[in-house]
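Presented below is the structure to which this report refers.
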DNA sequence: CACGTTCGTGGGATCGATTGCATAAGGTTG
DNA sequence: CAACCTTATGCAATCGATCCCACGAACGTG
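Protein chains in written order, with the numbering used here: chain A, 1 to 336; chain B, 1 to 336.
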């Protein structure tokens, strides 16, 4: 039915082997033969059959992308970056959405292996370390992003949550704030723990301690953000640092409804640089966790593994950090 | 290296053909043999080689998803829905981001065909109709979403932009508004044209006409939204309908900065139900373009094509509309 | 000029699962 | 019991690209 390499070879008057070599850019081909084959391929509209190529060469030029969802801004940003970079490097991306369910994740991992992916980028649950290590041993490249299981042998690219929270808190302290309220995630989550640690550390470095009345921790959920903000406002903070991304959706409207002047009465910093916060009135100072760079670096590491570009440079199991950046806008000022 | 069907067959004491049939659920297999093969496969940790299977059977169980980007809420919502549905049906999704560039789109289409995708879902540029029709003719399933080229033979699933804008405008008119400002996209875009048509039609049905001073059209971009809002406020509208999604990011902060009471002095409706608008203060009435349903319906149609579930029911080239829903919240009230 | 070397090409096996055809075993029926 | 059908299984070809091996030609070089 479709045009195969055999047809191209026939049209160019060469053997299949020669045609294959001509199209794959082998050096052992005379320029004239190559030109003839390329012309024939173009004229016939030849499209190589990836399944056949994968079967024989054991290279699929596919990479798997495993993540929780695409609604979260960090996740879809990473997905975009990964896909774009993959396309440039002539790889295709198989998208897998796990909802952070280890069983779904396991199923995807097996399927991806069945498709012969050359590598995979995982925002993983950390619950399938045995399987991921087995896949690594089979020669499948792998990079963990944002979350990394200690038992995993894959290199990881992590966000600098602690540093980001530290920078935000320090910024507020340097402005002279003493009562800095904090809304974060539960300590059972990685980011919840790390961001709180950064907050705490910054306070300690300024000779202060965490006041429990100024700290709210809860689910990643706007409703919690609204309640937490209401409670915190009673403690008369001069600054608020919302380190729980989803809670921001609840916190901001609550501040507006309460008629709080920002930054006059309250300075505000949020985590994650999403478009809304830039366009809010006043524009909100944020900590950018560097989703784009996380994606870029992950792809760099993966391509290095797959194509063995610089085998020794990045050891297996190494852990990289992408710096968080404080983006100062109009929502912070010295306390009155 | 890896475990192949041959190994499974050997372990179960049957031939490769039998093993294949047992695992693929053929009926011509005795229950005992099937059990033996399945046990052997499980014990050995057999993982079928999809490349080999695709090559021989011409079924890849892959579908391509071609879209502009993942930042836009409608797009990443559709991507999520499509992937989830695909996973349930045992298909994998290859993600392709085009930035609405026809050349990139063409390249992806060829690549997807090379991988032997069973079907594809396109939020397309409309500039590659010849190629997409050729792929359709080759037996690749296809559904256009949101945008459909007239020359394309693929069925399409479109958003009801006109109806959505009509519903929003009618809602404002029914509340008694007479000066309803409109911010939309350029008339060269499909959604820009359709939404304006809905606005115009609703006005006409209420015996009114479009007043050019109350209409702003421009790029999908927050900066434009801010300028447009500033200009429109000088016309003393009692309601504002922002039908240009990206412009909303600029329009809302401008309203806040101007100290406009919503809905006291100005009623507000925005297009697209993104989380922020639900949590804004006051919660914003929106038109939901039904991204989830667009994705669901597209997958239904695609799977029907691929698996010929009900061959005649959905004719090729047919066009479906997903209804837009007005979600009323707190941002609209009768004019003073 | 005989011999080694390099370069370009072709032949044919191969990757692993599927599938049309052949066949054997068991069951039914006139 | 012979003829026939059904059911379960095996054999071997096949999908299309890749790549090892071998071969011939061209080209020095001692």
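Positions of the beta carbon are idealized from the N, C-alpha and C atoms, including for glycine.
Check                                                                                                                                                                              : Outcome
Among 184/B, 96/B, 25/B, which residue has its Cα nearest to the Cα of residue 227/B?                                                                                              : 184/B
If you measure between the beta carbons of residue 283/A and residue 121/A, is that distance less than 8 Å?                                                                        : no
Got a sec: is the Cβ-Cβ distance from residue 256/A to anything in chain B below 8 Å?                                                                                              : yes
Please list the terminal residues of the continuous beta strand (DSSP E) segment that includes residue 216/B.                                                                      : 215-218
For the alpha helix (DSSP H) containing residue 371/B, list its first residue and its last residue.                                                                                : Beyond the ends of chain B as shown, which are 1 and 336, falls residue 371/B; an answer cannot be given.
For residue 16/A, return the contacting residues in chain B, with the cut-off set at a CB-CB distance below 7 Å.                                                                   : Those do not exist, as residue 16/A stays about 16 Å from chain B at its closest Cβ, beyond 7 Å.
Enumerated in chain order, which unbroken segments of the alpha helix (DSSP H) with a length of 4 residues or greater are wholly contained in the segment 254-322 of chain A?      : 275-279, 291-307
Any idea what DSSP makes of residue 59/B, helix, strand or coil?                                                                                                                   : coil
Could you check what DSSP says for residue 127/B in three-state terms: helix, strand or coil?                                                                                      : coil
With 16 other CB atoms within 10 Å as the buried threshold, where does residue 130/A fall?                                                                                         : exposed
Can you tell me which of 335/A, 318/A, 336/A, 326/A puts its alpha carbon nearest to the alpha carbon of residue 142/A?                                                            : 318/A
Output yes if chain B places a C-beta closer than 8 Å to the C-beta of residue 94/A; else output no.                                                                               : yes
Of all the beta strand (DSSP E) runs that stay within the bounds of the segment 135-163 of chain A, which reach a length of 3 or more residues?                                    : 141-145, 156-159
Taking the C-alpha atoms as reference points, what is the distance between residue 331/A and residue 125/B?                                                                        : 40 Å
Looking at residue 322/B and residue 160/B, is the spacing between their C-beta atoms short of 8 Å?                                                                                : yes
If you pair each beta-carbon of the segment 99-114 of chain A with each one of the segment 64-79 of chain A, do three or more pairs fall below 8 Å?                                : yes
In three-state DSSP terms, what is residue 92/A?                                                                                                                                   : strand
What is the rounded straight-line gap between the Cα of residue 5/A and the Cα of residue 57/A?                                                                                    : 15 Å
Would you kindly work out how many angstroms separate the C-alpha atoms of residue 337/B and residue 175/A, rounded to a whole number?                                             : Outside the displayed range of chain B (1 to 336) lies residue 337/B, so it cannot be described from this structure.
Out of curiosity, what's the CA-to-CA distance linking residue 244/B and residue 325/B?                                                                                            : 16 Å
Need the endpoints of the alpha helix (DSSP H) that residue 230/A sits in, please.                                                                                                 : 222-233
Beta-carbon of residue 60/A versus every beta-carbon of chain B: anything under 8 Å?                                                                                               : yes
Counting C-beta neighbours from all protein chains within 10 Å, is the total for residue 311/A 16 or more, i.e. buried, or is it exposed?                                          : Residue placement at residue 311/A is flagged as unreliable, the pLDDT there being 45, under the threshold of 50; a coordinate-derived value is accordingly withheld.
Please classify residue 88/A as buried or exposed, where buried requires at least 16 other C-beta atoms within 10 Å of its C-beta.                                                 : exposed
Give me the subset of the segment 227-242 of chain B whose CB atoms are less than 7 Å from a CB atom of chain A, sorted by chain position.                                         : none
Nearest to residue 94/B by CA position, among 37/B, 83/B, 188/B, is which residue?                                                                                                 : 83/B
Quick one: residues in its chain with C-beta nearer than 7 Å to the C-beta of residue 202/B, no 5 flanking neighbours on either side, listed in chain order?                       : 166, 169, 170, 173
Helix, strand or coil for residue 329/A? Go by DSSP, reduced to three states.                                                                                                      : coil
Going along chain A, which residues have a C-beta under 8 Å from residue 97/B?                                                                                                     : 80, 83, 84, 87
Would DSSP call residue 119/B helix, strand or coil?                                                                                                                               : strand
For residue 2/B, which of helix, strand or coil comes out of DSSP?                                                                                                                 : coil
Drop a sphere of 10 angstroms on the beta-carbon of residue 336/B, count the other beta-carbons inside from all chains shown, and report buried for 16 or more, exposed for fewer. : exposed
Taking only three categories from DSSP, how would you classify residue 42/B?                                                                                                       : helix
What is the rounded straight-line gap between the Cα of residue 81/A and the Cα of residue 295/A?                                                                                  : 6 Å
What's the C-alpha gap between residue 86/A and residue 240/B?                                                                                                                     : 42 Å
Taking the CB atoms as reference points, tell me whether residue 220/B and residue 200/B lie closer together than 8 Å.                                                             : no
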